[in-house]
Amino acid sequence: MCAVTALPPLDQRLLDAVERLGHGRRAFLQTMATQWRLSPLQIEVVVMLDAGVTPPVAGEVARRLDVAASTIADTLATLRTKGLITEEPDDTDRRRRLLALTPAGLDLAQAMNRERASLRTSLESMSPERKGAALDVVLTLIGDLHAQGVITVDRSCKTCRFRDSRPDGDDWCGLLRQALTPDQLRVACPEHESLALAGR
Ligand code: SF4
74 MCAVTALPPL
84 DQRLLDAVER
94 LGHGRRAFLQ
104 TMATQWRLSP
114 LQIEVVVMLD
124 AGVTPPVAGE
134 VARRLDVAAS
144 TIADTLATLR
154 TKGLITEEPD
164 DTDRRRRLLA
174 LTPAGLDLAQ
184 AMNRERASLR
194 TSLESMSPER
204 KGAALDVVLT
214 LIGDLHAQGV
224 ITVDRSCKTC
234 RFRDSRPDGD
244 DWCGLLRQAL
254 TPDQLRVACP
264 EHESLALAGR
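Converting from the sequence shown to this note's numbering requires adding 73 to each position, the first position being numbered 1.
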């Protein structure tokens with residue numbers, strides 16, 4: 074007769090589930106990297122440039138990926154050698170070099186987008202409320218880890234100095250001057266300003 078395993082606390086199961094998701098993402102990146110003969114970091118840089126980085130320069134890419142400038146320099150050199158990116162002087166500021174994807178880099182980004190889209194299918198049938206609640210929980214966890222210094226870069230509403238809580242429990246964006254229901258929370262907002270920088 075098999076013994077009934079005690080159910081771990083809900084908090085623990087939630088954290089375990091988030092960790093499993095992170096593991097799945099790393100495995101997915103590794104699979105794609107092997108397929109394209111690149112490193113996971115090189116793949117991430119291509120995906121990031123495709124999504125849009127402002128300004129599209131090495132320093133900003135390093136900051137967003139939370140890696141050292143020397144690591145990004147090596148990564149960009151490899152991507153250039155493989156013909157996936159270009160790096161050209163900025164006409165408005167000759168000290169800067171702007172990054173862009175080549176047609177081959179765009180092909181890789183599109184392949185990544187197609188693969189990622191296939192991962193999203195199970196989300197399509199869920200209600201916005203359910204997905205919003207999940208987003209709210211995950212961003213809150215990320216915000217906590219950011220506050221503890223475990224995640225050093227975060228540009229979500231939960232760590233933004235413009236966010237406030239409303240009496241009804243929803244968040245409020247003081248910059249956009251609008252309520253942020255859970256399904257409207259931003260994960261990587263271009264207007265994000267860090268709470269830490271605001272000294273709060
Ligand atoms: S500025 Fe962007 S990140 Fe900050 S609270 Fe508003 S929507 Fe969220």
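All C-beta atoms in this analysis are idealised placements derived from N, C-alpha and C, irrespective of residue type, glycine included.
All values derive from a computational prediction rather than experimental measurement.
Looking at residue i and ligand 1, is the gap between the Cβ and the nearest heavy atom below 7 Å?
i    : result
L208 : no
So, at 6 Å on beta carbons, what are the nonlocal neighbours of residue i in its own chain, with the 5 sequence-adjacent residues on each side left out?
i    : result
L214 : none
D163 : R169 and L171
A142 : A135
W245 : D237, R239 and A252
E161 : L171
Excluding sequence positions up to five away, which residues of its chain have a Cβ less than 7 Å from the Cβ of residue i?
i    : result
G272 : Residue confidence is low: G272 scores 49 on pLDDT, short of 50, so the model does not pin down where it sits. Its coordinate-derived value is still stated next. No residues qualify anywhere along the chain.
G125 : none
T232 : G216, H219, S267 and L268
L249 : none
T175 : G156, L157, I158 and T159
T254 : G205 and D243
Assuming residue i and residue j form a contact by the criterion Cβ under 8 Å, report the distance between their Cβ atoms to the nearest whole angstrom.
i    : j    : result
E92  : L102 : Wrong, their Cβ atoms sit about 16 Å apart, outside the cutoff.
G205 : D256 : 3 Å
G156 : A177 : 5 Å
T148 : Q115 : 5 Å
D123 : A182 : 3 Å
M185 : V120 : 5 Å
Once the 5 residues before and after residue i are set aside, which same chain residues still bring their CB inside 8 Å of it?
i    : result
S229 : L212, I215, G216, L258, R259, V260, A261, C262 and H265
R153 : T159 and E160
* **Check your reading: residues with Cβ closer than 6 Å to ligand 1 heavy atoms** => C230, C233, F235, R236, C246, L248, L249, R259, C262, E264 and H265
* Whole runs of the alpha helix (DSSP H) within the segment 130-176, excluding any shorter than 4 residues -> 131-138 and 142-154
* Fully enclosed by the segment 75-121, which alpha helix (DSSP H) runs are 4 residues long or longer? -> 83-109
* Which residue spans inside the segment 193-224 form an unbroken alpha helix (DSSP H) run of at least 4? -> 194-197 and 201-220
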